Amino acid sequence: WLLIMSFPVAALVLATQQQIELGNDARNHIRIFLVQGSDAQGIGFEWARPISMNSKSCATTSVNYFLWEGTAEPANFCQCYDPITGDLIPDIFASCNN
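Under my numbering, think of the first position of the sequence shown as 3, with each following residue one higher.
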């Protein structure tokens, strides 16, 4: 019942803020956002979760879309961070499978 009652509040926040983000860490969060492009309209869902690999601290992110106009493919990608500084490691070919 609480979920049903909170839907209008979530819709209002999404309409005014353009996104709802749970968690404030770039490596561990869930984000719901509006897609308002000229060729696509809908809602996007982003889920980032941390993983550990050897000496790197990485996060894998999944993005899915629920569009009522247009199309978009789901995306999955990996970003690695320096475990000491927390800075993003600029590796465009970063793989969470290594």
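The beta-carbon is built from N, C-alpha and C at its ideal position, and this holds for glycine as well. These numbers come from a predicted model, not from an experiment.
Rounded to the nearest angstrom, the gap between the Cα atoms of V15 and F9 is 10 Å.
Per DSSP, the beta-bridge partners of L69 are G44.
Counting along the chain, L90 sits inside no beta strand (DSSP E), nor does DSSP assign it H or E at all.
The beta carbon of F68 sits closer than 6 Å to the beta carbons of G44, I45 from its chain, once the five residues preceding and following it are set aside; these are given in chain order. Secondary structure note for A77: its beta strand (DSSP E) is the uninterrupted segment 77-83. Of the candidates D41, A74, A77, W49, the residue whose Cα lies closest to the Cα of R29 is W49. For Q20, no alpha helix (DSSP H) encloses it, and the DSSP letter there is neither H nor E. Excluding the 5 residues flanking it on each side, E71 has same chain C-beta neighbours closer than 6 Å at Q43, in chain order.
DSSP places R33 in the uninterrupted beta strand (DSSP E) bounded by 30-38.
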